[in-house]
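27 is the number of the first residue of the sequence shown in our numbering; add one for each residue after it. Built from N, CA and C at the ideal position, the CB exists for glycine as well. Computed from a prediction, not measured in an experiment: that's the story for all the values here.
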Amino acid sequence: MSPLIPQDPDTLKQHLAREVRALRDAARHGAGVRIEDPAPAGAPGPDEDGRRCACGTGGPGHGCCDEGEGHDPWACVCATLPAIPLSAAVFTPVRDEDGVTVDFTVKAGNHVRAAEWLEAPDRQIGRRLLDVQPGAAVGGLVGALASVLETGRALKAYALDYTEQRSDGLHRTKLLYDASACGGKVLATWRAAHSRGELLSLDAQYIASMGWGTWDLLSGEVVWSEGLSAIFRTDPARPLALAELCDTVLLEDVPRFARFLVSLVDGEEPSGTEIRFRVLGEVRTLHLVGHPVIATDGLPWSVHVIARDLTAQVRSRQRLAATRRQSDRLREEAAAERRVASALREALLPTVSAELAEAGLSVAAAYVPAETDAAVGGDWYKCRLLPDGRILLAIGDACGHGLGAVARMAQQRHALAGLAHAPGTHAGQLTTWLNELLCADPSAETATGIIGHIDPQRRFRWACAGHPAPLLLRDGTASVMDTEHRGPLFGLLPGHEYGTATADLRPGDLLLLYTDGMVERRGEDIADSVATLGKVLAGCSGLGPQDALDRILDAYAGDEHEDDTCLVALGVG
């Protein structure tokens, strides 16, 4: 391989041009040169009786050049040649003074060409073999045919790298010869080892999204498969020469492509490589595998390249990498959000005060996120002793999940805490004022809630803004509290006056407040869900608030919650 690898397209094209010129000069040195003659001298004309060849393609009758009285050309071996589907001819030996076979004369031939650029044998009748197939001298064909006569052993698949200079340039192909002795003559057939299509399809038939190309370095002929033409969006009849192909390579990939081509032209077989090409403004990534065709003289006269289009895979890898980066970023953001939300949960959903126990009430609360990795959402509760001796008991559900819902939940909870200290207010007024705050905020969303007071006489006066009604467990029976006074959701109707309802609580009562995530199930009527929760609560008779919540959560442990859930249980002592 050349020590200096071209780094740009122009230098690479100049290097390839020099290498190809050197190859052609070397090939001409050893190749026979035949002057083409459209009507070779000595070729026999039609028989006197006008008979034509029985193969039906015209031309002289059977191509037999034997003469002499009594010779019947229709009865000799020459008459069988039209039935042979390969190039076939009968050769008679030409010997020197010592009796050594130095050449052969074409006695008869058929109409089959072994390659498009080769003449058919019937055009060579009466001429010397080395005149009509000059490239055979280098390959030793004359000696191989002579040995058939001398030994009587047939010749089987004798390989000949045949090179010929024609008016349109140098041509080379691999021919396989078969021959046998026949009455002092040689009957020979020859064929191309494979067509170009066969050679390349054998190498690449298992590859998907691929194409192949072959560049004949001697004749300059270029052949592309339809697959390669499709990859480069070119007309199959106008394949790109190597110099044109160099111009389509991305500049950053030129050195790698140069090493690949220089290796092929030097007769080496490079390892596969990925090269990016610009095709009609689009970058396509191809995996290239190359193979030089080396003749017996050691010269690479043609190069084959199989290209597999990896563009879709590369784009898929790029999208996957981008997705992974985005996923990593989202995981980091989610982890940070969970840490923040967890801290907010501790701040916004604290344990109940010991002051409530002194008032003869016991309270327990639980929060169940819809997603196991979420720390808190928009659900909230508040239970605290007010300066006037009443107990504020409230629960709410701000729309949404995550930090946005946490922010709205904090807004509503803190707003209620401030409003609740206004002297002489009742639950309906607090609910009305909180609704006005949400309606006046264009960034706020709707929410639900229950706001109530428990006075020292154990009367529970409460208002409802679109929230599920509390459940009251008394004497082993759980019932839904009356909600005829229920009003609309927070933030929906400005100016709405919320009503209240009053219920007397007794010692041993257990009051359960909960958000809608506890009873909303896809495909299930919410009234049925509330009834089911009531049955579970009824089974908690005699238990304190914390034990009751534990039993309820155990009963729903296998359910998938579609929304966050908050529960508050208040026991009356």
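Using a Cβ-Cβ cut-off of 8 Å (strictly less than) and excluding sequence neighbours within five positions of residue i, which residues of its own chain qualify?
| i | result |
| --- | --- |
| F486 | L419, G478, H479, I480, T528, A529, D530, L531, L537 |
| G522 | Here the sequence assigns His to residue 522, which means Gly is not the residue at that position. The residues are T458, N461, G513, P514. |
| L563 | L497, L499, A504, L536, L538, A574, I578 |
| G560 | L497, A504, S505, V506 |
| G599 | G386, L387, S388, P533 |
| V120 | T127, V128, D129, F130, T131, R154 |
Can you tell me the Cα-Cα spacing of residue i and residue j, whole angstroms?
| i | j | result |
| --- | --- | --- |
| G565 | A581 | 11 Å |
| G430 | T457 | 22 Å |
| A347 | V340 | 10 Å |
| D354 | L575 | 37 Å |
| P520 | N461 | 7 Å |
| A134 | L186 | 21 Å |
| D34 | A267 | 17 Å |
| V174 | S193 | 33 Å |
| L498 | M507 | 7 Å |
| E384 | P533 | 15 Å |
| V248 | G161 | 22 Å |
| V280 | T274 | 10 Å |
| H55 | A163 | 12 Å |
| A43 | L144 | 27 Å |
| P571 | L387 | 10 Å |
| T177 | A207 | 9 Å |
| A362 | A466 | 32 Å |
| D551 | A557 | 10 Å |
| G210 | A321 | 32 Å |
| A109 | A214 | 14 Å |
| V46 | A57 | 16 Å |
| G454 | G568 | 32 Å |
| A146 | N136 | 7 Å |
| L107 | W241 | 34 Å |
| T83 | P111 | Bear in mind that a pLDDT of 41 at T83, under 50, signals an unreliable position, so the model cannot answer this. |
| H440 | R345 | 45 Å |
| C490 | H511 | 7 Å |
| F286 | T299 | 8 Å |
| D36 | A269 | 9 Å |
| V291 | G246 | 13 Å |
| Q150 | A48 | 32 Å |
Is the beta carbon of residue i sitting closer than 8 Å to the one on residue j?
| i | j | result |
| --- | --- | --- |
| T509 | A495 | yes |
| P296 | G324 | no |
| V158 | F130 | no |
| V389 | L596 | yes |
| A284 | I31 | yes |
| R198 | A140 | no |
| Y407 | A391 | yes |
| I476 | H493 | yes |
| L244 | A53 | yes |
| V329 | P318 | yes |
| T189 | L181 | no |
| L271 | R302 | no |
| A114 | V138 | yes |
| V305 | R259 | yes |
| P356 | L382 | Checking the sequence, you will find Leu at residue 356 rather than Pro. Going by C-beta atoms, L356 is not nearer than 8 Å to L382. |
| F516 | L464 | yes |
| L201 | A183 | no |
Enumerate in chain order the residues of its own chain whose CB-to-CB distance from residue i is below 6 Å, with the five nearest sequence positions on each side excluded.
| i | result |
| --- | --- |
| P262 | E252, S255 |
| T541 | D405, D423, T591, C592 |
| D75 | Note on D75: pLDDT 44, under 50, position unreliable in the model; the coordinate value appears next. Closer than 6 Å at Cβ, skipping near neighbours: no residue. |
| V212 | F117, L171, V174, A205 |
| G239 | W250, L254, V331 |
| L156 | D129, A163 |
| V594 | A391, Y407, I421, L539 |
| R484 | L531 |
| E278 | none |
May I ask which residues mark the beginning and end of the alpha helix (DSSP H) holding residue i?
| i | result |
| --- | --- |
| I578 | 571-581 |
| T37 | 35-56 |
| Q455 | 453-466 |
| V164 | 162-165 |
| V288 | 280-291 |
With residue i as the anchor, note down where its beta strand (DSSP E) starts and where it stops.
| i | result |
| --- | --- |
| E252 | Segment 252-258 is the alpha helix (DSSP H) holding E252; no beta strand (DSSP E) there. |
| C592 | 591-598 |
| E300 | 299-305 |
| A267 | No beta strand (DSSP E) contains A267, which DSSP labels as neither H nor E. |
Could you pull out every residue in the same chain whose Cβ sits closer than 7 Å to the Cβ of residue i, ignoring the five residues on either side in sequence?
| i | result |
| --- | --- |
| R685 | Beyond the ends of the chain as shown, which are 27 and 599, falls residue 685; an answer cannot be given. |
| G415 | P482 |
So is residue i in contact with chain D if we call contact Cβ pairs under 8 Å?
| i | result |
| --- | --- |
| G478 | Reference to chain D is not applicable here, since this structure consists of a single protein chain. |
(request) Would you check if there are 3 or more beta carbon pairs closer than 8 Å linking the segment 517-528 to the segment 541-557? (result) Segments in contact, no.
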